[in-house]
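**Q** The structure follows.
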Amino acid sequence: MKYQILGEPMPVVQCTLASGERMITERGSMCWMSPNMKMETNAGGGLGRAFGRMFSGESMFQNVYTAQGGEGQIAFAASFPGSIRAVEISPGHEVVVQKSGFLASEAGVELSVFFQKSAGAGFFGGEGFIMQKLSGHGIAFVEIDGHVVCYELASRQQIVVDTGYLAMCDITCSIDIQSVKGIKNALFGGEGLFNTIVTGPGRVWLQTMPASGLAAALLPFIPHSSN
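Residue numbers (the working numbering): 16 to 242.
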C-alpha cells in the first residue's frame, strides 16, 4: 500500500493498493475510489469487539475495501479541520487514540476499546477515559483536530494536558486525571476542574483545537429560538 496525505487543514489520505490488498474503516470516511474497489461490511472480529468499538465512539461495523483485478485507489477524508497522521503499528508498538480518532488502516490493524485503569480517570477523564487501542500490524491513519504537536517523554517524565487536547500516545505511556489545585483556581480559572496527566516513556501527540473546544467557543454566537 502506498499513500499520500493532501489538503490540510481539511486533509484527505489517498491510498494506492495492489490487487488483493485491503483497507478498513469504521465509518463513512471514504470519499472516492476507483471502480475496482469492492466494499464489504462486517462486525470486524465479532459482536464483542463490535460493541466495544461502539462504546469507544466508533461504529459497530467495519467497511472493508479490497482492490480487485489490478491496482486500486481509495481516499479517506477527515471529518474536522486538522491533520491526518500515518502511524506504523506492530506488536510492541501499539498506540492509544482519542474517541473517533481512527480514520482507516491496512487490514492487519485491530481496533479495540481502551479503558484507563485509574478510577479518577473513569469518573472525570472525559475524552481521556474511554479511548481506542490500535494493535496488530500495518499502517493506521489517525485524524487529529487542529494542529498537532508531538513530544517524546522519558521514563516518568510527565506532561499536563487540558481535557480534550490529548489526541494519541504510545501504549507505554500512562494516563491519569488530576484535580486543579485551589478552590479559586478550579471555580474561576476557566480551565475546568481536572487535567490529564500523561507519564512516559513514549510519544504523545497533542491537538490544538479539539472539536468539543470549537463547539464550546461557537455556542455563544449561535442564535437561539425564543419559543
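C-beta atoms are modelled at their ideal positions from N, C-alpha and C, and glycine is treated no differently.
Which one of W220, A122, P96 has the shortest CA to CA distance from S105?
**A** Along the sequence shown, one-based indexing puts residue 105 at 90. For the residues W220, A122, P96, the minimum Cα distance to S105 belongs to A122.
**Q** Within the stretch 93 to 176, note down every full beta strand (DSSP E) run reaching 3 residues or more, in order along the chain.
**A** The stretch 93 to 176 contains these whole beta strand (DSSP E) runs: 97 to 104, 110 to 112, 117 to 121, 124 to 130, 145 to 151, 153 to 160, 163 to 168.
**Q** For S189, which of helix, strand or coil comes out of DSSP?
**A** Locating residue 189 in the sequence shown gives position 174, where the first residue counts as 1. Three-state DSSP puts S189 in a strand.
**Q** At the level of alpha carbons, what is the spacing between V27 and A90?
**A** Taking the first residue of the sequence shown as position 1, residue 27 is located at position 12. Taking the first residue of the sequence shown as position 1, residue 90 is located at position 75. Going from the Cα of V27 to the Cα of A90 covers about 7 Å.
**Q** Thinking just about the alpha-carbon of each residue, which of G97, C165, I154 is nearest to the one in P24?
**A** One-based indexing of the sequence shown puts residue 24 at position 9. Of the listed residues, the one whose Cα sits closest to P24 is G97.
**Q** Could you check which residue in T178, I186, Y180, V110 has the C-alpha nearest to that of F156?
**A** Working through the sequence shown from its first residue, we reach residue 156 at position 141. Nearest of T178, I186, Y180, V110 to F156, Cα basis: V110.
**Q** Taking the CB atoms as reference points, tell me whether L118 and E158 lie closer together than 7 Å.
**A** To locate residue 118, count along the sequence shown from 1; it is residue 103. To locate residue 158, count along the sequence shown from 1; it is residue 143. Yes, the Cβ-Cβ distance between L118 and E158 is below 7 Å.
**Q** Closest by CA to L298, which one among R218, Y18, L126?
**A** Residue 298 lies beyond the residue range present for the chain, which begins at 16 and ends at 242; the question has no answer from this structure.
**Q** Would DSSP call G43 helix, strand or coil?
**A** As a first step, residue 43 must be located in the sequence shown, where it is residue number 28. Residue state, collapsed to three classes: coil.
**Q** Please name the residue or residues paired with E55 in a DSSP beta bridge.
**A** The residue labelled residue 55 in the question sits at position 40 within the sequence shown. The partner list for E55 (beta bridge, DSSP) reads V79.
**Q** Please determine, among F129, S120, S227, F95, the residue with the shortest C-alpha to C-alpha distance to C184.
**A** Numbered from its first residue, the sequence shown carries residue 184 at position 169. Of the listed residues, the one whose Cα sits closest to C184 is F129.
**Q** Could you work out which residue in S94, S120, T178, Q113 is closest to T31 when comparing CA atoms only?
**A** Within the sequence shown, residue 31 is the residue found at index 16, counting from 1. If we check each option's Cα against that of T31, S120 comes out closest.
**Q** When the distance is taken between beta carbons, is N78 closer than 7 Å to M52?
**A** As a working mapping, residue 52 is identified with position 37 in the sequence shown. As a working mapping, residue 78 is identified with position 63 in the sequence shown. The answer is no: Cβ separation not under 7 Å.
**Q** Run the CB neighbour count on N57, radius 10 Å, all protein chains shown included, and call it buried at 16 or more, exposed below.
**A** Working through the sequence shown from its first residue, we reach residue 57 at position 42. N57 is exposed by the Cβ-count criterion.
**Q** Closer than 6 Å: is that where the CB of A230 sits relative to any heavy atom of the ligand GTP?
**A** Although the ligand GTP was asked about, the structure shown includes no ligands whatsoever.
**Q** Buried or exposed for G43, please, with buried defined as at least 16 other CB atoms from any protein chain shown within 10 angstroms of its CB.
**A** The residue labelled residue 43 in the question sits at position 28 within the sequence shown. Exposed, by the Cβ-count rule.
**Q** Which two residues bound the contiguous alpha helix (DSSP H) that contains L233?
**A** The count along the sequence shown starts at 1 and reaches residue 233 at position 218. Per DSSP, L233 belongs to the alpha helix (DSSP H) from 226 to 233.
**Q** Quick check on the DSSP output: the beta strand (DSSP E) that includes I20 runs from which residue to which?
**A** Stepping through the sequence shown from its first residue, residue 20 is reached at position 5. Unbroken beta strand (DSSP E) run through I20: 17 to 21.
**Q** If you follow the beta strand (DSSP E) that G212 is in, where does it begin and where does it stop?
**A** Against the sequence shown, residue 212 aligns to sequence position 197. What sits at residue 212 in the sequence shown is Ile, not Gly. Start and end: 209 to 214.
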